[in-house]
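A.B. asks:
2 protein chains.
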Amino acid sequence: MSEHETDTRETVVDKYTATNSFAAQIQQLRQSIDGIDTEIVKLLARRFAITDTVGQLKAQAGFAPADPDREHQQVAQLRALAEQEGLDPMIVEQYHALVASVAKERHAHIAH
Amino acid sequence: MSEHETDTRETVVDKYTATNSFAAQIQQLRQSIDGIDTEIVKLLARRFAITDTVGQLKAQAGFAPADPDREHQQVAQLRALAEQEGLDPMIVEQYHALVASVAKERHAHIAH
């Protein structure tokens, strides 16, 4: 980040060049973001394939779609991991809420 | 999945053992889910570190925090990738809504 500041200060003599330099840096960072999103979508595809199998097993075994103990445990683990990785734990709670609600909907659908 | 069906049919003679077999399979699948979540949380930590840098660059350049064209393009790419990976595109839309709203909040915070 201090590297970026140095870059822009060197080019700020010409406002147009400076703006282009910001845009070029943002463009490059966006490519990294897109790469991360691609990895995450592939992981989500694997995750829901697995949770669908869990849903089928639960339906066969007559287990309920929801498991609150498991969910509390997951959230606690994810919050701890987030803190370790320097990520706002609120973000992983929102991530978990998303994947858990979709997984449970699909489990309920599979059970019917 | 047909493998799981075969497994459970072999053990269904004893209802207790069959239930344990389901539970054991679910337990194993949950470990895979936890592994995927760990990878995703690490990727999210990297993603928000990068979007924070983008937010700083935008603030320095005087660019607005939001970029609707970029967002539409991202959603279209992620939907296409989801379809290719056999994932419900609605899930990636929800994923994108989550990360984009958090990133924009943080950009607005950085700009102030």
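Going down the list, the protein sequences come from chains A and B. Sequential numbering of the first sequence, starting at 1, is according to full-length UniProt numbering. Sequential numbering of the second sequence, starting at 1, is according to full-length UniProt numbering. Note that the Cβ used here is the ideal one computed from N, Cα and C, for glycine as well.
Take residue 71 of chain A and list the residues in its own chain whose beta-carbon comes closer than 7 Å to its own, dropping the five residues that flank it on each side.
C.D. replies: 100
A.B. asks: At a Cβ cut of 9 Å, what residues of the region 40 to 63 of chain B count as close to chain A, listed as they run along the chain?
C.D. replies: The residues in question are 40, 41, 42, 43, 44, 45, 46, 47, 48, 49, 50, 51, 52, 53, 54, 56, 57, 58, 60, 61, 62 and 63.
A.B. asks: DSSP state of residue 112 of chain B, grouped into three classes?
C.D. replies: coil
A.B. asks: Provide the residue span of the alpha helix (DSSP H) that contains residue 81 of chain A, from first to last.
C.D. replies: That run of the alpha helix (DSSP H) goes 68 to 84.
A.B. asks: Once you ignore the five residues that flank residue 82 of chain A on each side, which residues in its own chain have a CB closer than 8 Å to its CB?
C.D. replies: Taken in chain order, the residues that qualify are 88, 89, 91 and 92.
A.B. asks: Is it true that the region 73 to 82 of chain A meets the region 50 to 59 of chain B, where meeting means three or more beta-carbon pairs spaced less than 8 Å apart?
C.D. replies: no
A.B. asks: Using a Cβ-Cβ distance cut-off of 8 Å, determine whether residue 110 of chain B contacts chain A.
C.D. replies: no
A.B. asks: Here's the rule I'm using: 16 or more other beta-carbon atoms within 10 Å means buried, otherwise exposed. How should residue 97 of chain A be labelled?
C.D. replies: Per the 10 Å Cβ criterion, exposed.
A.B. asks: For my contact list, residue 45 of chain A and residue 85 of chain B are in at a C-beta cut-off of 8 Å; report their separation, rounded to the angstrom.
C.D. replies: The C-beta separation of residue 45 of chain A from residue 85 of chain B comes to about 4 Å, placing the pair in contact by the 8 Å criterion.
A.B. asks: Just by C-beta distance, which residues in the region 64 to 92 of chain B are closer than 8 Å to chain A?
C.D. replies: Flagged, chain order: 70, 74, 77, 78, 81, 82, 85, 86, 87, 88, 91 and 92.
A.B. asks: How many whole angstroms separate the CB atoms of residue 32 of chain B and residue 50 of chain A, which I take to be in contact at a CB cut-off of 8 Å?
C.D. replies: 5 Å
A.B. asks: Roughly how many angstroms lie between the CA atoms of residue 28 of chain A and residue 109 of chain A, to the nearest whole one?
C.D. replies: Each residue's CA atom was taken as its position, placing residue 28 of chain A and residue 109 of chain A some 42 Å apart.
A.B. asks: Within this structure, are the beta carbons of residue 66 of chain B and residue 111 of chain B separated by less than 8 Å?
C.D. replies: Residue 66 of chain B is not a Cβ neighbour of residue 111 of chain B, given a cutoff of 8 Å.
A.B. asks: Using only the alpha-carbon positions, how far apart do residue 25 of chain B and residue 41 of chain A sit?
C.D. replies: In a straight line, the C-alpha of residue 25 of chain B is about 25 Å away from that of residue 41 of chain A.
A.B. asks: Looking at residue 22 of chain A: is its Cβ nearer than 8 Å to the Cβ of residue 103 of chain B?
C.D. replies: no
A.B. asks: Near residue 107 of chain A, which residues of its chain fall below 7 Å by C-beta distance, leaving aside the five closest residues on each side in sequence?
C.D. replies: 55, 58 and 65
A.B. asks: Taking the alpha-carbon of residue 105 of chain B as reference, which of B:48, B:43, B:69 and B:34 has the nearest alpha-carbon?
C.D. replies: Closest by C-alpha distance to residue 105 of chain B, out of B:48, B:43, B:69 and B:34, is B:48.
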